[in-house]
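**Q** Those protein sequence lines, which keep their order, are chains A and B.
Position 41 (the first sequence) corresponds to 40 in numbering that gives the first Met the number 0; numbering is contiguous.
Position 72 (the second sequence) corresponds to 71 in numbering that gives the first Met the number 0; numbering is contiguous.
Each residue gets a CB set at the ideal place from its N, CA and C atoms; glycine is no exception.
On a predicted model such as this, the values are computed, not experimentally measured, just so you know.
Would you mind keeping the following structure in view while I ask a few things?
Protein chains: 2
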Amino acid sequence: MTLPEAKQQFISSWGAFATHWGINRTMAQIHALLLISPTPLTQDDMMTELSLSRGNVNMNIRELVDWGLVDRVLLPGERKDYFTAEKDIWKVATQIIKERKKRELEPMMRLLAQLENVEGDKKDKDVKQFTDTIGGIKNFSKQADRMLDVMIKADENWFVGSLLKFFK
Amino acid sequence: MTLPEAKQQFISSWGAFATHWGINRTMAQIHALLLISPTPLTQDDMMTELSLSRGNVNMNIRELVDWGLVDRVLLPGERKDYFTAEKDIWKVATQIIKERKKRELEPMMRLLAQLENVEGDKKDKDVKQFTDTIGGIKNFSKQADRMLDVMIKADENWFVGSLLKFFK
DNA sequence: TTTTATTTTCAAAATATTTTGAAAATTCAA
DNA sequence: TTGAATTTTCAAAATATTTTGAAAATAAAA
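The structure is reproduced here in structure tokens:
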């Protein structure tokens, strides 16, 4: 497989993959393009490479910057903005975990805490099943939350070394 | 908060939450409804509770059964099919991990294996960045794959007990 | 068998999301 | 300043996804 074919394949698959994770195709494709680019790119470069409109590239790049996955870099003497992606996949994963935890897990945990003290007779089977289910999800979330915190703090070597040996 | 309010809130939030994970709102709401129901429900029950059409409930229930999160149960003497959800959240999570691993992670790993042997001069910076990125993702995926396998095999007590102590 | 209840399918309609592109805003050099 | 280059915004258009509901298929009862 030639490099252009492989790039094409990677960008397209990465985009398809991302849709299973609630991330839009274009955002993932731009991320993929930047991940395999040895040098920073401009919005025009991305428009050309991926055949996208200026507005679309602009919106999705901003989203990637918000997620902390892409940085705007200013090259001396250049008028245009350049963008570059963090290449260390461990750091990428850590950043995604951190953001999703903040955006999704934490709000969900706040909701569960509220829902747990529902009024009603604990002997009523509907009340019981509701509180049991909420309680179960709350416990699970708490464990997941703690685990993710440790993963975020851990560096790659610690993870790959100690944890994986432990897991085997 | 009364039980009906709390149920409503849970079902609606669970649906919204799910959209961030590439799961459709209705499927998640049906799942939520079954999670808090102490007894099995029919498709008609779900249609009424969630104000959905018959076709919609039918499709999404089938999807939940495919994911292994919901079971069809036949009550003796009853003509209609009843459905019930696995209530143990650890088992739910394990099942989801297992399925997503099979449906997404494994195909991605096969693709990465192919993309790694792209033709071209390793000294070319484009080739180098491409193979480095793919290699990095491949390594990371391999670690994640192994970790998920252990989590799937581990039982809840082992996980919550030993693993979380380890993580602290 | 025939009838009735129930489930499944799927084309069309409704809804939601993404993409475009041109206008407005901003930035920077002259 | 002014004006050219660049970035941002956002309403409208295009596209994709979800939902409906009625017809077809299936299963059970009469």
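Considering Cα atoms alone, identify which of A/29, A/20, A/33, A/78 is closest to residue 86 of chain A.
**A** Ranking the options by Cα distance to residue 86 of chain A, first place goes to A/33.
**Q** To test your reading of the DSSP string, which unbroken beta strand (DSSP E) runs of 3 or more residues are found completely within the segment 90-165 of chain A?
**A** Runs found: none.
**Q** Can you check whether the C-beta of residue 37 of chain B is within less than 7 Å of a C-beta belonging to chain A?
**A** yes
**Q** Could you check which residue in A/144, A/143, A/55, A/113 has the C-alpha nearest to that of residue 129 of chain A?
**A** A/113
**Q** Less than 7 Å between CB atoms is the rule here; does residue 60 of chain A satisfy it with respect to chain B?
**A** For residue 60 of chain A, the answer is no, since every Cβ of chain B falls outside 7 Å of its Cβ.
**Q** Below 8 Å on the Cβ atoms is my contact criterion, and I expect residue 66 of chain A with residue 105 of chain A to pass it. Report the Cβ-Cβ distance as a whole number of Å.
**A** Actually they do not touch by this definition, with Cβ atoms about 16 Å apart.
**Q** Just to confirm before moving on: does the CB-CB distance between residue 124 of chain B and residue 37 of chain A stay below 7 Å?
**A** In this structure, the beta-carbon distance from residue 124 of chain B to residue 37 of chain A falls below 7 Å.
**Q** To be precise: take each residue of the segment 4-30 of chain B, compare its Cβ to all Cβ atoms of chain A, and keep it if any distance is under 7 Å. Which residues remain?
**A** If you check each beta-carbon in the segment 4-30 of chain B against every beta-carbon of chain A, the ones closer than 7 Å belong to 5, 6, 8, 9, 12, 16, 18, 19, 20, 21.
**Q** Could you compute how far the alpha carbon of residue 52 of chain B sits from the alpha carbon of residue 20 of chain A?
**A** 27 Å
**Q** Which class does residue 70 of chain A belong to by DSSP, given the choice of helix, strand or coil?
**A** strand
**Q** Does DSSP put residue 167 of chain B in a helix, a strand or coil?
**A** Unreliable placement is indicated for residue 167 of chain B, whose pLDDT of 41 sits below 50; the coordinate value is still reported in the next sentence. If DSSP states are grouped into helix, strand and coil, residue 167 of chain B belongs with coil.
**Q** Assuming residue 1 of chain A and residue 118 of chain B form a contact by the criterion Cβ under 8 Å, report the distance between their Cβ atoms to the nearest whole angstrom.
**A** 6 Å
**Q** Can a CB atom of chain B be found closer than 7 Å to the CB of residue 88 of chain A?
**A** With 7 Å as the cut-off, residue 88 of chain A counts as an interface residue toward chain B.
**Q** Flag residue 119 of chain B as yes if its beta-carbon sits less than 7 Å from any beta-carbon of chain A, otherwise no.
**A** yes
**Q** Counting only beta-carbon separations shorter than 7 Å, does residue 97 of chain B have a partner in chain A?
**A** no
**Q** State the beta-bridge partners of residue 84 of chain B as determined by DSSP.
**A** B/69
**Q** According to DSSP, residue 40 of chain B sits in a beta bridge with which residue or residues?
**A** According to DSSP, which records beta bridges pairwise, residue 40 of chain B is partnered with B/82.
**Q** In whole angstroms, what is the alpha-carbon distance linking residue 59 of chain A and residue 54 of chain B?
**A** Straight-line spacing of the CA atoms in residue 59 of chain A and residue 54 of chain B works out to 35 Å.
**Q** Going along the chain, which residues of its own chain have a beta-carbon closer than 7 Å to the beta-carbon of residue 96 of chain A, five neighbours each way excluded?
**A** 147, 150, 151
**Q** Can you tell me whether residue 2 of chain B is helix, strand or coil according to DSSP?
**A** Of the three classes helix, strand and coil, the one that applies to residue 2 of chain B here is helix, per DSSP.
**Q** CA-CA distance, residue 30 of chain B and residue 63 of chain B?
**A** 7 Å
**Q** Does the segment 126-143 of chain B touch the segment 77-86 of chain B, meaning 3 or more C-beta pairs lie closer than 8 Å?
**A** Contact between the segment 77-86 of chain B and the segment 126-143 of chain B is absent, with fewer than three C-beta pairs closer than 8 Å.
**Q** Helix, strand or coil, according to DSSP, for residue 59 of chain B in the structure here?
**A** helix
**Q** Rounded to whole angstroms, what is the Cα-Cα separation between residue 61 of chain A and residue 71 of chain B?
**A** 45 Å
**Q** Using a Cβ-Cβ cut-off of 7 Å (strictly less than) and excluding sequence neighbours within five positions of residue 131 of chain A, which residues of its own chain qualify?
**A** So no residue of the chain qualifies.
**Q** Counting C-beta neighbours from all protein chains within 10 Å, is the total for residue 40 of chain A 16 or more, i.e. buried, or is it exposed?
**A** buried
**Q** Interface residues of chain A around residue 129 of chain B at Cβ under 7 Å?
**A** 2, 5, 6, 35
**Q** Taking C-beta pairs closer than 7 Å, name the residues in chain B that residue 152 of chain A reaches, listed in chain order.
**A** By Cβ distance, chain B contributes nothing, its closest Cβ being about 10 Å from residue 152 of chain A, past 7 Å.
**Q** Based on Cα-Cα distance, which residue from B/28, B/110, B/24 lies nearest to residue 6 of chain B?
**A** It is B/28.
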